[in-house]
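Peer 1: Residue numbers (the working numbering), protein chains in the order written: chain A, -10 to 321; chain B, 1306 to 1408. Here a beta-carbon is modelled for each residue, glycine too, at the ideal position from N, C-alpha and C.
1) Closer than 7 Å between beta carbons: that is the criterion. Which residues of the segment 1362 to 1395 of chain B meet it against chain A?
2) Would you decide whether residue 244(A) is buried or exposed? Buried here means 16 or more other CB atoms lie within 10 Å of its CB.
3) Indicate whether residue 323(A) and residue 144(A) have their beta-carbon atoms separated by less than 9 Å.
4) In three-state DSSP terms, what is residue 338(A)?
5) Along chain B, which residues have their Cβ under 8 Å away from the Cβ of residue 207(A)?
6) Near residue 136(A), which residues of its chain fall below 6 Å by C-beta distance, leaving aside the five closest residues on each side in sequence?
7) Considering only the beta carbon of each residue, do residue 215(A) and residue 267(A) sit closer than 9 Å?
8) Quickly, what does DSSP pair residue 298(A) with across the bridge? List them, please.
9) What would DSSP say about residue 112(A), mapped onto helix, strand or coil?
10) Please specify which runs of the alpha helix (DSSP H), each continuous and at least 4 residues long, are wholly inside the segment 115 to 159 of chain A, giving them in chain order.
11) By how many angstroms is the C-alpha of residue 152(A) removed from the C-alpha of residue 1347(B)?
12) Tell me whether residue 1317(B) sits in a helix, a strand or coil according to DSSP, three-state version.
13) Hey, is residue 245(A)'s beta-carbon within less than 9 Å of any beta-carbon in chain B?
14) Quick one: using the 10 Å Cβ neighbour count with 16 as the cut-off for buried, is residue 1329(B) buried or exposed?
15) Could you compute how far the alpha carbon of residue 248(A) sits from the alpha carbon of residue 221(A)?
16) Using a Cβ cut-off of 9 Å, pull out every chain A residue sitting near residue 1327(B), in sequence order please.
17) Would residue 55(A) be called buried (16 or more neighbouring beta carbons within 10 Å of its own) or exposed?
18) How is residue 27(A) classed by DSSP in three states: helix, strand or coil?
19) When you compare only the Cα positions, how much space is there between residue 272(A) and residue 1408(B)?
20) Please classify residue 318(A): does DSSP put it in a helix, a strand, or coil?
21) Here's the rule: buried if 16 or more other CB atoms are within 10 angstroms of the residue's CB, otherwise exposed. What is residue 156(A)?
22) Determine which residues of the segment 181 to 207 of chain A have a Cβ less than 8 Å from any Cβ of chain B, and write them out in chain order.
23) Would residue 239(A) be called buried (16 or more neighbouring beta carbons within 10 Å of its own) or exposed?
24) Which of helix, strand or coil does DSSP assign to residue 104(A)?
25) Between which two residues does the alpha helix (DSSP H) containing residue 276(A) stretch?
26) From the DSSP output, in three-state form, read off residue -9(A) for me.
27) Under 8 Å: do the segment 288 to 299 of chain A and the segment 1327 to 1343 of chain B share three or more Cβ pairs, one atom per stretch?
28) Tell me whether residue 1313(B) is buried or exposed, calling it buried when 16 or more other Cβ atoms sit within 10 Å of its Cβ.
29) The beta strand (DSSP E) spanning residue 77(A) covers which residue range?
30) Would you please verify whether the beta carbon of residue 248(A) is less than 9 Å from any beta carbon of chain B?
31) Alpha carbon to alpha carbon, what distance is there between residue 59(A) and residue 39(A)?
32) Can you pull the chain A neighbours of residue 1407(B), defined as C-beta to C-beta under 8 Å?
33) Once you ignore the five residues that flank residue 1355(B) on each side, which residues in its own chain have a CB closer than 6 Å to its CB?
34) Answer with yes or no whether the minimum CB distance from residue 1397(B) to chain A is below 9 Å.
35) For a test of the three-state rule: what should DSSP assign to residue 2(A), helix, strand or coil?
36) Considering only residues of the segment 1324 to 1384 of chain B, which uninterrupted alpha helix (DSSP H) runs meet the minimum length of 4 residues and lie entirely inside it, listed in chain order?
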């Protein structure tokens, strides 16, 4: 504990400091020999009012624990913000003591918390991962290398028999990729709602996407339509070159040559069709997942019903080096 | 991943070996940008010893290619083979880059 990364303090019930570690001195500026024997009031900033300390002591007495943000003062008079946790220590017959550990809240920590918040927001804006009706079932799993992801997907019913959707990957990771993914999502949705000829839609997207991506960034995408009237899966690809189709005969690896979006101007993209039967399954993925698969597989390693559990088990074998999205579609 | 870079005037020759993942790609990008800041116009990348590249690595090559095109330079790739060559075919990047001595 003496060499622990976070500052630590042990004080008695009267607030007299009995022990501090080295990190305490580094953050507060008080040498150990000065702090020990002094009151914890040497740290008091005056920022918190009486109400704060009442709630603090109430929590400590009632729950035996307090954690939260607090402003304290260094030996040089400067104020700092810390995340503090305090626990009582009871030694039989020797009275009550308090053990405190804190972390200074720096700009870096604020930024980390902010990115985590952005990740939550991003997940809340994504479509529901499970779409289940009488005709088709879609389940998706997404994992970001960091809290946020540059992968994106969406789907919507054009009418009660035609479902249109996409899976895409803005190259890069972290906040910059996530910011671009947010605008690319809007671009994709608006384009696909107006253009159901998927090759043409990708051509239009390729021309406009450059305005929304950083200079040396590009995107991979696969757009699709599940047409329950004609029993077809129509798709067009831009750099997402592989997906899998499971039918009554087995698992088929479908590969299509296509260029990424945002690499070159005036690129043609083709639309392809697959015949769909009841019970068929399609496994669409970004390259973060594809790169983890062996080149030949007999059965798909992630089940439709158990996608979340299976993907954790599957990904557990690897060091994840990319954002990952897997979308499984089943025709019922 | 070992990366050797030799400079010959306005041209550099980059030797990629082994497997190229995200951290290698980020490092390569920084090194290549430094050379470009010094006025390098031609980049030749020897990929004969490269066994794996993911989209992060492709991103570095595409980014450098786009930047050099804007200022009249260009990227040449050499010695693509195996899964690396297959990836360039599947993503049609073999039509974007000038590729030489491929298996």
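Peer 2: Result, derived from the coordinates:
1) 1364, 1367, 1368, 1371, 1372, 1394, 1395
2) Translated into positions along the first chain, residue 244(A) becomes position 255. Exposed, because fewer than 16 other Cβ atoms sit within 10 Å of the Cβ of residue 244(A).
3) Past the edges of chain A, shown from -10 to 321, lies residue 323(A), and the structure says nothing about it.
4) The question about residue 338(A) has no answer, for chain A in this structure spans -10 to 321.
5) Numbered from its first residue, the first chain carries residue 207(A) at position 218. Ordered by position in chain B, the residues that pass the 8 Å Cβ test against residue 207(A) are 1364, 1367.
6) Counting from 1 along the first chain, the entry for residue 136(A) is found at position 147. Taken in chain order, the residues that qualify are 104, 105, 108.
7) If you number the first chain from 1, residue 215(A) lands on position 226. If you number the first chain from 1, residue 267(A) lands on position 278. No. Outside cutoff.
8) Locating residue 298(A) in the first chain gives position 309, where the first residue counts as 1. The partner list for residue 298(A) (beta bridge, DSSP) is empty, contrary to what the question assumes.
9) Within the first chain, the letter at position 123 stands for residue 112(A). Residue 112(A) falls in the helix class under three-state DSSP.
10) none
11) Looking up residue 1347(B) in the second chain gives position 42. Looking up residue 152(A) in the first chain gives position 163. Taking the straight line from one Cα to the other gives about 47 Å.
12) Counted from its first residue, the second chain places residue 1317(B) at position 12. Three-state DSSP puts residue 1317(B) in a strand.
13) By 1-based counting over the first chain, the position of residue 245(A) is 256. Judged by the 9 Å Cβ criterion, residue 245(A) is in contact with chain B.
14) As a position in the second chain, residue 1329(B) is number 24, starting the count at 1. Residue 1329(B) is buried by the Cβ-count criterion.
15) The residue labelled residue 248(A) in the question sits at position 259 within the first chain. The residue labelled residue 221(A) in the question sits at position 232 within the first chain. One C-alpha to the other measures close to 24 Å.
16) Start at 1 with the first residue of the second chain, and residue 1327(B) comes out as number 22. Simply 134, 162, 310, 311.
17) As a first step, residue 55(A) must be located in the first chain, where it is residue number 66. Counting Cβ neighbours within 10 Å, residue 55(A) comes out buried, since at least 16 surround it.
18) Translated into positions along the first chain, residue 27(A) becomes position 38. Residue 27(A) falls in the coil class under three-state DSSP.
19) Position 283 of the first chain, counting from 1, holds the residue named residue 272(A). Position 103 of the second chain, counting from 1, holds the residue named residue 1408(B). Going by the C-alpha atoms only, they are around 32 Å apart.
20) Here residue 318(A) is taken as the residue at index 329 of the first chain, counted from 1. Reduced to three states, the DSSP call for residue 318(A) is strand.
21) The residue you call residue 156(A) lines up with position 167 of the first chain. With 16 or more other Cβ atoms within 10 Å, it is buried.
22) 204, 205, 206, 207
23) As a working note, residue 239(A) is residue 250 in the first chain. Exposed: under 16 other Cβ atoms inside 10 Å.
24) Within the first chain, numbered from 1, the residue matching residue 104(A) stands at position 115. If DSSP states are grouped into helix, strand and coil, residue 104(A) belongs with the helices.
25) The residue you call residue 276(A) lines up with position 287 of the first chain. Looking at the DSSP string, the run of the alpha helix (DSSP H) that includes residue 276(A) is 276 to 279.
26) Here residue -9(A) is taken as the residue at index 2 of the first chain, counted from 1. Residue state, collapsed to three classes: coil.
27) no
28) For the purposes of this step, residue 1313(B) is taken as the residue at position 8 of the second chain. It is exposed - the Cβ of residue 1313(B) has fewer than 16 other Cβ atoms within 10 Å.
29) Position 88 of the first chain, counted from the first residue, corresponds to residue 77(A). Unbroken beta strand (DSSP E) run through residue 77(A): 68 to 79.
30) The residue you call residue 248(A) lines up with position 259 of the first chain. Yes, residue 248(A) lies at the interface with chain B (some Cβ there is under 9 Å from its Cβ).
31) Within the first chain, the letter at position 50 stands for residue 39(A). Within the first chain, the letter at position 70 stands for residue 59(A). Taking the straight line from one Cα to the other gives about 13 Å.
32) Residue mapping note: residue 1407(B) aligns to position 102 of the second chain, counting from 1. What residue 1407(B) touches in chain A: nothing, since even the nearest Cβ is about 16 Å away.
33) On the second chain, position 50 is the one that residue 1355(B) refers to. Cβ within range, chain order: 1321, 1389.
34) Here the question's residue 1397(B) lines up with position 92 in the second chain. Yes, contact with chain A.
35) Along the first chain, one-based indexing puts residue 2(A) at 13. Looking at residue 2(A) - three-state DSSP - the assignment turns out to be coil, as it is neither helix nor strand.
36) 1327 to 1342, 1360 to 1375
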